Every structure is written in C-alpha cells, then in structure tokens.
Amino acid sequence: MTNPQKPSKRRRGVILTAAGWQRLQTAQQQSELTHNGGNPYTVEDLNELTHLSRNTLSKVRLRKKPVDRHTLEAYFTTFGLNLTPKDYNRTALERAEAPEQFETEPVPPPSNHQDWGEAIDVSIFYGRTTELAALKQWVVIDRYRLISIFGMGGIGKTALSVKLAQLVQRDFDYVIWRSLRNAPTMESLLGELVPFLSRHQTTEPTIGKLLQCFKQSRCLAILDNVETILQSNRNAGYFRPNYEPYGDLLRVIGETDHQSCLLLTSREKPVEMAKFIGSEEAVRTLSLSGSLETSLALIETQELIGTQDHKQQLCEACGCSPLALKITASSIHELFDGNIAQFLFEKTIVFNGVRRLLNQQFERLSSQERSIMYWLAINREWTSISELDDDLIPKIPRSHLLESLESLCWRSLIEKRSGKYTLQPVVMEYIIGQLVERVCQELIEWEIDISLSSSEPNFLTKTSLFHVHALLKTNATDYIRESQKRLILQPIAEQIQQTFSTPASLEKHIKAILASLRSKSPKVGAYSSGNLLNLCGLLNLNLANYNFSGLDIRQAYLPGIDLPRVNFSNAHITSSIFAEPLGDMLCVAFSPNGQMIATGDSNGFLSVWQANTGQRLLTCQGHAGWVMSVDFSPDGTLLASSSNDQDIRLWDAHTGQCLKILQGHTNLVWSVRFNPDGKHLASGCHDQTIKVWNVSSGECCHTLRAHASGVFDVVFCMGGKTLASSSMDCTVKLWDWANGSTLKTLEGHTDAVLSLAYNTLDQILVSGGRDKTIRLWNIETGDCLQILQGHIHWIWGVSVSPDGQTVASSSSDCSIKLWDVITGQCLQTLLGHTSGLYGIAFSPDGQRLTSGSSDQTVKFWDISTGKVLRTVQGHTRQIHQVRSLALNVDGHTLASSSDRQIIRFWDLQTGNCSQTLQGHTGWIFGIDQSPDGQWLASAGGEDQTIKIWDVKTGQCVQNLQGHLAWVFDVAFNPASPSESNKTLLASGSQDQTIKLWDLDRGECLKTLYGHSQTVWTVAFNPQGTLLASGGQDHTVKVWNIPTGSLLTTLLGHTNEVLSVTFNPQGTILASGSQDQSIKLWDVEREQALKTISQQEMGHIWTLAFSPDGHLLASGSVDHMIRLWDIHTGENVQTLKGHTNWVLSVCFNTQGTVLISGSADATIKLWDLHTGDCLETLRPDRPYEGMNITGVTGLTEAQKSTLQNLGAMSNDS
C-alpha cells in the first residue's frame, strides 16, 4: 500500500481517463487501417500527424503526468474526435484511473502485423501481371492453403513472392516472409513463425502450434529458397537429412483445414508437393518461366545498343532469365562495346540454364576474383572490404581487392550495397557447390603442394582451397556459422565418409593429412589446420593423442569437442574458440562504453568478456559461492559483485584485482547496484536488509529495514536520490536512502518480486516477479501503469533499453521477451536458450542484448533481427558441483549427484566411474541409497520430481510427482520393510512440505506441514520411527513417522538449517546452519546439548556421524572438512584440499575413510588416521592432459581457462 505523502506542489493540466484513452485508441486504429495499410503508427508517425513531441506523446499515452488541455484536443482532432469532459481528469493530483480498471480495458490488437525479414526491394518491378493475377486469385479469392512457385534460378521467383505479398497484405492479419538460404532447421524457423503469428502468446516451435495460429488468424507465410534444404543430384526433391520435418509441414498445411496460406518458392519441387497434383486439396503450383516483358524492361536498364528485334533475340537466347541477362550484358559491354548485334553474330548462345552460364563466367575469372567469390559464399551475408581483406590468404594490396570487386560487380556476379558485398542465392549455391566439390577432391587425393611461397604468382591456382579458405568462421554470427556447418562442412564430411567406408581407413587418412601439414612449410598463414579440426569434430573422431604441434590453427570452433592429451605445443592459435568452464550464468552486465561484459556464475567466477568477439579478458576468483550479481561503476573502472557467501567484492575492471571486500550481510546477497554518482553502492540481501556502502572507504553508510522477507533486487532512481528494492514479500519499496525513510510501497505482485529496472527517460520503474508478470510503475505517484503478461514462468531479469522505449525480460521458461513500453505489446520473443534464464542487459547503444542462462551459455543478441550473434558456451560434459553422496551397503559403490542432471556410480576399489544415470531435466540435489542397496532415490530440484533407480540396471523404475516446487532432499527409512512398515522415502521441498512415499505402491502416504519456508534437509533416525527436518525458517523439526505428527520444533539457530543427521544410536541429532554453527540435540529431552562454532567456517553444508558415533564430520563453505569430538565439541582434525564448498560427506562402513564431495567438481577419499587424501575422483575434463606448452596467440586468460578444463603447460 502506498505510504501517505506530503502534499505535492499543485500542477495544472489534465490526464486521460480510461474511457478517453479507449476512444482515442479506437479512432487511431481505424486511421491506421484506412490510411496506413493496417500498420500501427510509430512514434515518429504520430509526431508528424499530431505535431506533438515524443515526450508529450509519451505523457499522453502513459497517463501518468498532466498535459495541457489543448494538447489533448490536438491529439483527438488528428483522428476526427471532439474532446469531451469524460475524456480527462482536470488535475494532476487526481489519479488517472485505478490500475485494475486500466488492466481490464486493454487496447485492442492492431489489425495487421507484418515481418518482412530479408525481403528484397521490389520498388522497381516489371511485368508478371498474368502471374500476379493468378496468384492473387488463389491467395485471396480461392483461399488456397499451400501454394508453390517453381522455376530456374534467377528467373524472378523471390521478387514475385515479395510483390505478391505487398499486394495482398491488407487481406491478412499477419504477413511474414522468410528466406531459407541459410538452411534453418524446422525448430529454428518455427521458433520465429509461431511467436510472431500468436502475438507471442506461445513460443512452442511445433507444427501443431503453427497450425493453431493458421486456424485462429488469417496468416500469409512465405518461405523463399526452399531448394536450399533439398538434396541434389539423384535425390532431387527429397529433403536433406534432418530436414524431413519440412515435408511434414507441407503435408499438414496442405491437408488440414485452416484460413491461412503458406507460399513457397524453389528451383526444385519437393516430392510432398508432387503428391498433391490432381488432388482435391486446396494446393496449387505455379511454374514460372521467363517473362519477355520483364526481360525487355531489364535490357533497357543495361545501356546496350541494338534494335528491338535484337533485344528480343537476346532475351530469348538467355531464356528470359533476369540473372542470365545481367551476366550476359556485362560480357557484351566487355567484348563488344555494348553492341548486341555483334554479340549475336560472333557468339551462338545455347542457353542451358544459369549453371552452365556460371561455369563459363567462373572459368574466365582470375584466381583473385575466384577467391573473393568463395569468401563471399562462405560469409553468406553482406561483407565489408575490411572483412574480405582479413579473410584473404595470401594478402593482396587493397587496390587489387577493390579492382577485383569492381570487376565482379560489372560482371553482375556479386551485389553491392552500402559498401558491402554479397552473392545472389543462385550464385551462392553454385559457388558453394564448387567449393565443396573441389575441397572433397583435395582431401581425398591430398596431393596438392601446400608449401608454395605465397609470393609466387600462381600460388592461389596451385594451392589447396582447403589451405586458403576457412570452411567455418568462429567470428561469424551463430546462425551463419551453423549454416556454414550444414552447407559446407557437413557435405564434405559425408563425402569423405562414403569414400573411406571404415572408421579405421578414415582415421588413417586424416592422420596422414595431419602429418603432411606438420611436415611442410609455411606453417603460419593458413586455414588448413583449423579446417581439419572442425572436420574431425563433425566426423565425431576420437581426437585423443592427436598431434597438432607447431601448426598455425585458425578458425577452429571447438566447444563440445573433447581434446584429451592432444598435443598443441608450440602451435600458433588465433581466431579459435574453445569451451569455457562455465557454471549456470546467473548475472550479466555491460560496461558503460559497451566494450566489455561481466558475468557471474554458479562456479563462483566473475568473468569479463570482450563484447564484440566473446573472448574472455579476465577471470576474477575470490568468492566462496555463487556470483549472484555484477555491476560496473559509471566510469567503467570498477566492478562490484555479490555472492551467497554473504560478501560483496569490488574489483579493478581492467586488471581483475580484488580491491575491497564489503562485509556485514548475514545471508545471500542477491544484488548490487552503483549509484549514478559512482560514490555509493547498494546491496539487497536475503537477510531482509538493504545496505548502502561508501565505495571509497568500503564502509556501510546505511542499513535499510522494512521488508518482511529477503530482498532480491535494488536499483537507484531519480538521479540516484531514490532507491527501489524488491522482495520476496511481494512488494517494491521506494526509499530516501540518505535518511533511511520509506517513501512508498508498491503493491500488486502476487508473489516474490525478483528483478527491477529503471527507465530514466520516463521515470518508470519496471519489476518482474514469480507471478509471471512485469509491472510498470509511475515512480512519482506509485501507480501501476501497465501489466505485461506472456511469460509462463518466473521472471528473473528485466532491463530497459537506453532510449526508454523497450523492456526486455528473461524467464525460467527459457525465453526472452521484448515489450513496447508505451503500448505494452510484446514485440518479439527470443528463443535459443535450453534452460531457464537469469541475467539480461541491453548494450549502451541499445542495439544488442546479452543474456545468461542455466544452460551454461551467455548469448549476444541482435535486437533488430532477434538473432543470436554469438554464444559463449560451457562444456556440457564437464562435471560440476558434487551435490550429494550416498554409499552403498556393500561399501564399495559410491553414488554422486551433480548440478548437471547426472548421477554417477563409482567403484571405490578402482576409482573408476562404473555407471552414469540421466533422466532429470534440472539440477539433482539430495540422493540416498536404500538399506538393501537395490535402489537409489534422487531429488530432482528444478523438475520437481523424485526418481527411483534400479542400482544394478541403471533404469528409472519410478517417477514420483506431487511437490509443487523444487525438491532438495530425500531419505530412505532405514528400518526393514514389513507388513506394518512399508518401504518409506521422505522428501523435502521448496513448497514448504515434507512428503512420505510408499515405494511399494509409488504413492504419497502423507504430507507433513509445519515449516514456513523451504525444507532443505531430511533424515530418519536409525530405528525409522522419527524424521528430522531443517529449513529456511531457521528451525529443526522432529516428526513421528507412524502418525505423521509434529513432535517438537527445536529453536536456536539464527539462520537457515542446511543439514540434519542422527547418530548411529539415534539419541543425538546434529544440525548445521548458515549461522556458522553446529548444534547437538538430545532427542529424548528435546534440548540442545552443545553448540559448536568457528567463525571462519561459514555455512555448514553437510554433516555425518562416524559409524561408532564418536566423531562428527562437517563440510562448509570455507572449502574444509572438520572432524569434531561430540563429547567435548573439540575440532580434532581439519582436512584441506578442496578448492570450493564441501557439499557432502560420508564415512566408509569401517570408519577409517571419509569421503567428501565438493563444488570444485571432485570427490576426495581421506585417510582418517593420517589426514592424507588417498584419492581424488573426477571424470576426465574435456581437455585433460592437452599440451599447450609454448602456444602463442592465446591470452593468459584463455590459457588459464584451458588449464581449468585439464590442459597442461610446462611454460614457466
């Protein structure tokens, strides 16, 4: 509820009422339909129509600040309305309308939505009147569901499809045009179509969802260049491998009743279309041949000399193909001074298609011109001269490059726009075909001399294309690199596999090529080694022990490829990308100049990346827990980070040096934000407080208390004078932080408010929460201006674009949404992450967006296209935090769970991983093995399930569902099953409950209520009659199992209880807490016996009694294991060796060995007599034993990253 405020200074003016707002919007939409083709007016359009500034328009539309009455009259008059007293309120002191009334009267959606993608400009268009008339009849009048346009390359199919769409756009609610020339997968394409056609109400990329959109609205979807995803040669008409779902799409759209139209263009006819011939379905095909009218009009633009008859002869000789005519016209100019008659006299044209014409033209090109053509085909999009200059090997003078480009433009083989160059799709396909064919021949024969000097004039003609062209580019955008992989590398790999039919012969040949590369010179200045690495990855070769020493390695893209014991010693590695040791990416932030990005992850790393390349610049280590929040200072010199280790750290943003550690919070610090003046820093903490710190001294200036639960986010507003905070208590509070007073409490969210962002231009506060909504607040009045709905899960991050027009939101539903601040409409849904998103941030120029996810990736997005520019990827096979351990009754088999959806079984006699279980879709927290050793139970955290596994077979035999939130712990009842005592399992969850499960029936027997927050830990007593639980509410509870009743609540801890365990006799209960203490409780008397505490321990994550009950082992956030004498409470032994939190401990059955699992991804076995570490268990990291001694070209940060993933170096 908003706090009472002092009367503000009266401001004259009026504010629209909800009724006035509705009248205005209705009239505006009618005007858009009548005068703007149904397209919504942009802010610029409204500025021109109303003669009102953008700022004034924003005031009117947001209804939060008063404007002059004449302003409203001007706005209303523009759309033919008279302003009435019912349309406005007279003073700014009156609220415009209750937020609830505003929400129940949403603005109707625009009647027309269009997305033209990469559609070409057809403002100059000749002829095709007959074809356009036929297509318009089919699309608009006959309402055919599936239409295809077929014809040879360069005949004008693309231009015709765009022109048709422009002509019929008013007959459709939605129009979307997409080119398939980069061969997007079906999932990728539907990931663009479905959100757009559903107004972002659904993002599921399935044919069923697309069909649903086609039924609900009148949609026109056009797919150009379908031939790209079809096979060639004898399999013409069939879709490429992995593209067969496109055939299902055509079948479903053609056979199912709906009100929309899917239109295709292709040089070849898919077999699915052929099946519709002669059927009664609403499907039609247009075979497009050359148009004499169009061709004659085109010739008039080519400045050729000749009679009308000569021009017609030339058109007919070229098959009336626009592309063929352009190419031929360049030859006529070059050879015959533009005289058509001389050309016709001297040269007999037999036009057998564009391919033969391109063959003739390609053979006439110089080696430099061919190389440029290859590079433009590889790059697949508009390419600048500088980029071409960087690509070319050997280097040529810039003047020669410009001459070659001018020559290619003159020949109409390449296109130029704004200083950049590309190829037409038909030319690009031809060049790629040439490249693939020649590279395959080179690799199969491998007799090309690559040792020629680059100074020789015939270097390019004699040297392997494999040597001087990168078949895949690491610096390309993600979608282009995927196209390079699918359209270049994949066909080459398939051809090589067919030639070398056995794995042994293939590997022998690849190793022979590698040996050849190492033996010849020059080793620097070539792409062959990087190409070979990329090809090996695509061939799924086991690269262990391969020798790439001394080679020049460029453009190698290696995330996801294991390189154990590969020798890269003395290699020169540039423009290459390796996997990164990333945990879940919890937070992201752009530097003020936009050149750097900082991220924080669940491994405790604060990393700094170059924004344009994704290259790691710094790794800042120091936090003993997850890095929850990062922020740059306004001048970009400092970085602040917060963690669940309760600390805040200040770092030098350029060196990575830790400058200060700010301490004072007593729980997880969710967020840190700099004040715009750079002198103060605010932090929000789970301990329900906000602290404001002096950056210079590191002192805490103010502690703000008013929230009833943990504080998730903080942000400075109003030039830094006001501080906003969001909390688990469902509120947002505004503070005058200088005097510590609460200004307002903003209420409306129905669950925890997770994220905040501030729109400095319009003074709007944005909040996102667990109630799946985003709210826009008037920071002056406290009114809720808009509620944005569309996400289907929690919203962890919100960010406002620098121009204040767009809000970005990131959610656990794996999506990012972009929203229009003024209209509240979802503009775009960005898909690509495969797990929940946390951090999100706009770049300072507003053109890019970066996001971090629990899928271990950071993605960089182009706002204008919605495409991923670059992905920084962690290695998905790397084991991460060892969350829990469970020793089998046989004493030889150990189970471990991780935060990567994996359970491993270890043979303690050999130290090897004997079995891997996968099935959970999120983190796995607690695990336990049944008393008889037959079953293993796992708590599936994020997926809210419990799985029961058969230990012998590794099969999941039961999937227990019932909890309504994350499940954190499980425990088997140790008592032997009997008629009266079933096989029981207990589970504790974030939903504040404990469930008891009958595993014989797979049913929940009882649900125990009593905790008021998350239940972190559960444990049975040895007799199986009692259950202890510990929770976020700081309590330990003891339950009677037969009755399910709560026996007692043990109070004394001052923070969350993370671990509970009974001694072997069942007489003592131990509990470990975030308050850095262990308490021993007398179970029978229900009272504390002893409190064990050491200040430096930090959180106590795990506890375990020795088999004789005399020792208690604890694992904590300070990376150490301590052994305690339970009688005296003394620390009798401390085991050191882990480099991150110790999350789980257990004793062997004899009590001679302690086993520990850590967030450093290792399991250690300790000799309790000597304190020595006997063995460390860890699956091979992706680069285990990789030799990088003497490597050049990599930064120190990159080398450190490789070493974290197992690489070794003898460099001092």
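Take 1 as the starting number for the sequence shown in the UniProt record's numbering and just add one per residue.
C-beta: ideal position from N, C-alpha, C; glycine also.
From a predicted model like this one, the values you see are computed outputs, not experimental measurements.
Limits of the beta strand (DSSP E) - the one that residue i falls within
{"i": "phenylalanine 605", "result": "605-610"}
{"i": "tyrosine 479", "result": "Tyrosine 479 -> not in any beta strand (DSSP E); alpha helix (DSSP H) instead, spanning 478-484."}
{"i": "residue 1214", "result": "Look at the range of the chain in this structure, 1 to 1212, and you will see that residue 1214 is not part of it."}
{"i": "glycine 768", "result": "764-769"}
{"i": "alanine 939", "result": "935-939"}
{"i": "leucine 638", "result": "638-643"}
{"i": "glutamine 915", "result": "912-918"}
{"i": "leucine 1205", "result": "Note, leucine 1205: premise wrong, no beta strand (DSSP E); not H, not E."}
{"i": "aspartate 389", "result": "Here aspartate 389 belongs to no beta strand (DSSP E); instead the alpha helix (DSSP H) covers 385-391."}
Cβ neighbour criterion (16 or more within 10 Å) applied to residue i
{"i": "threonine 689", "result": "buried"}
{"i": "leucine 1202", "result": "buried"}
{"i": "residue 1213", "result": "Residue 1213 lies beyond the range of the chain shown here (1 to 1212); nothing can be said about it."}
{"i": "phenylalanine 345", "result": "exposed"}
{"i": "proline 141", "result": "For the sequence presented, residue 141 should be read as isoleucine rather than proline. When all chains shown are included, isoleucine 141 counts as exposed."}
{"i": "alanine 183", "result": "buried"}
{"i": "isoleucine 444", "result": "exposed"}
{"i": "lysine 473", "result": "buried"}
{"i": "isoleucine 277", "result": "exposed"}
{"i": "histidine 833", "result": "buried"}
{"i": "tryptophan 410", "result": "exposed"}
{"i": "isoleucine 661", "result": "exposed"}
{"i": "aspartate 257", "result": "exposed"}
{"i": "aspartate 845", "result": "exposed"}
{"i": "glycine 208", "result": "exposed"}
{"i": "histidine 963", "result": "buried"}
{"i": "arginine 1122", "result": "buried"}
{"i": "glutamate 1130", "result": "exposed"}
Given residue i as reference, the closest of the options once Cα atoms are compared
{"i": "asparagine 542", "options": "Pro564, Gln555, Val1132", "result": "Pro564"}
{"i": "threonine 666", "options": "Met428, Asn379, Thr1054", "result": "Thr1054"}
{"i": "serine 938", "options": "Leu908, Leu964, Ser884, Thr893", "result": "Ser884"}
{"i": "glycine 153", "options": "Lys269, Leu1027, Pro1022", "result": "Lys269"}
{"i": "leucine 831", "options": "Gly1193, Thr1149, Phe860", "result": "Phe860"}
{"i": "leucine 704", "options": "Trp735, Ser697, Phe712", "result": "Trp735"}
{"i": "aspartate 855", "options": "Tyr758, Thr871, Ser835", "result": "Ser835"}
{"i": "valine 951", "options": "Asn475, Phe905, Phe466", "result": "Phe905"}
{"i": "alanine 1019", "options": "Thr1043, Asp991, Phe968", "result": "Phe968"}
{"i": "serine 1071", "options": "Val766, Ala324, His1099", "result": "His1099"}
{"i": "leucine 1111", "options": "Gly919, Thr1139, Gln1065, Met1097", "result": "Gln1065"}
Proximity of residue i and residue j at Cβ, strictly below 7 Å
{"i": "isoleucine 393", "j": "valine 468", "result": "yes"}
{"i": "arginine 770", "j": "tryptophan 794", "result": "yes"}
{"i": "threonine 850", "j": "glutamine 873", "result": "no"}
{"i": "leucine 639", "j": "alanine 624", "result": "no"}
{"i": "glutamine 828", "j": "glycine 852", "result": "no"}
{"i": "valine 1036", "j": "valine 1057", "result": "yes"}
Residue i, enclosing alpha helix (DSSP H) - first and last residue
{"i": "arginine 518", "result": "503-519"}
{"i": "isoleucine 431", "result": "425-445"}
{"i": "tyrosine 527", "result": "From DSSP, tyrosine 527 is part of no alpha helix (DSSP H); its letter is neither H nor E."}
{"i": "lysine 136", "result": "129-136"}
{"i": "residue 1213", "result": "With the chain running from 1 to 1212 in the structure shown, residue 1213 is simply not present."}
{"i": "valine 309", "result": "First, the residue type needs correcting, since residue 309 is aspartate and not valine in the sequence shown. Aspartate 309 -> alpha helix (DSSP H) spans 308-317."}
Neighbour flag for residue i against chain B, beta carbons, 7 Å
{"i": "glycine 790", "result": "Protein chains in the displayed structure number just one, and chain B is not present."}
Sequence ranges, beta strand (DSSP E) only - wholly within the region 1161-1186, length at least 3 | 1163-1167, 1173-1177
Any chance you could list the beta strand (DSSP E) runs of at least 3 consecutive residues sitting entirely within the region 243-284, in chain order?
-> 261-266
Minimum length 3: unbroken beta strand (DSSP E) runs contained in the region 1135-1159 = 1142-1147, 1153-1158
Segments of 4+ residues assigned as alpha helix (DSSP H) that fall wholly inside the region 161-241 = 186-197, 207-216
What are the complete alpha helix (DSSP H) segments, minimum 4 residues, inside the region 329-368?
-> 340-346, 354-363
For the UniProt repeat "WD" (704-745), which segments carrying the beta strand (DSSP E) assignment without a break, of at least 3 residues, lie completely within its bounds, in sequence order?
-> 711-717, 722-727, 731-736
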